[in-house]
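For the sequence shown, position 86 matches number 91 in the numbering used here, and the numbering has no gaps at all. Some notes on the structure that comes next.
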Amino acid sequence: MVEFERDKSFLSGRFKSLGFACKGAFKLITTEHSIMVQSLIGLLMIIAGFYFHISHEEWLIQSLAIGLVLGIEGINTAVEKVADFIHPEFHEKIGFIKDIAAGAVFFAAITALVIGCIIYIPHIGAIL
């Protein structure tokens, strides 16, 4: 087992943390199907934003919504991995914990959907 050594330099410690974060984001995007799908939806929303020339305020809210969904999904994935590591077989309490984490993703996704409707329905209506 590798022993953890605390970095004594503030700046190099931040760079190491950034490296770990990038590594984690890459692992999420390349291994987790739910993140792949949600990243694709986020990319489509970004493309739609350019197509419909959404306002700066709409870009801010849309960016927050995309980040919210991906961030909560990342936390959900971490909870699931830890729960599976601790108790690989089905356990009622582990199932409850995983359901709660999935519920958090559901709330974030519904919020993002509502935000998307508020932003894009008027733009689509203007075209029709």
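Backbone N, C-alpha and C define an ideal beta-carbon position, used for all residues, glycine too.
Alpha carbon to alpha carbon, how far is L118 from K32? Give it in angstroms, no decimals.
For the purposes of this step, residue 32 is taken as residue 27 along the sequence shown, with counting starting at 1. For the purposes of this step, residue 118 is taken as residue 113 along the sequence shown, with counting starting at 1. Roughly 25 Å between the two C-alpha positions.
Please report the straight-line C-alpha distance between E63 and G121, rounded to a whole angstrom.
Walking along the sequence shown from the start, residue 63 turns up at place 58. Walking along the sequence shown from the start, residue 121 turns up at place 116. So the alpha carbons of these two residues sit roughly 9 Å apart.
Let's see if you can read the secondary structure: which residues bound the alpha helix (DSSP H) around K98?
For this step, residue 98 is matched to residue 93 along the sequence shown. Here the alpha helix (DSSP H) through K98 covers E97 to I132.
Exposed or buried, what is I78 when buried is set at 16 or more other beta-carbons lying within 10 Å of its beta-carbon?
If you number the sequence shown from 1, residue 78 lands on position 73. According to the sequence as given, residue 78 is Glu; it is not Ile. Result: buried.
Please say whether I71 and G100 have beta carbons closer to each other than 8 Å?
Along the sequence shown, read from residue 1 onward, the residue named residue 100 stands at position 95. Along the sequence shown, read from residue 1 onward, the residue named residue 71 stands at position 66. Contact: no.
Touching by the beta-carbon criterion (3+ pairs, under 8 Å), the region 101-112 and the region 78-93
yes
Is I59 helix, strand or coil when you go by DSSP?
Residue numbering aside, residue 59 sits at position 54 when the sequence shown is read from its first letter. In this structure, I59 counts as coil in the three-state DSSP scheme.
With the cut-off set at 8 Å, would you say V87 and A113 are in Cβ contact?
Within the sequence shown, numbered from 1, the residue matching residue 87 stands at position 82. Within the sequence shown, numbered from 1, the residue matching residue 113 stands at position 108. No, these two residues do not count as a Cβ contact at 8 Å.
For S44, which residues from the same chain have a beta carbon less than 8 Å from its beta carbon, with the 5 sequence-adjacent residues on both sides left out?
Taking the first residue of the sequence shown as 1, we reach residue 44 at position 39. Within the same chain, S44 has close Cβ partners I34 and L75.
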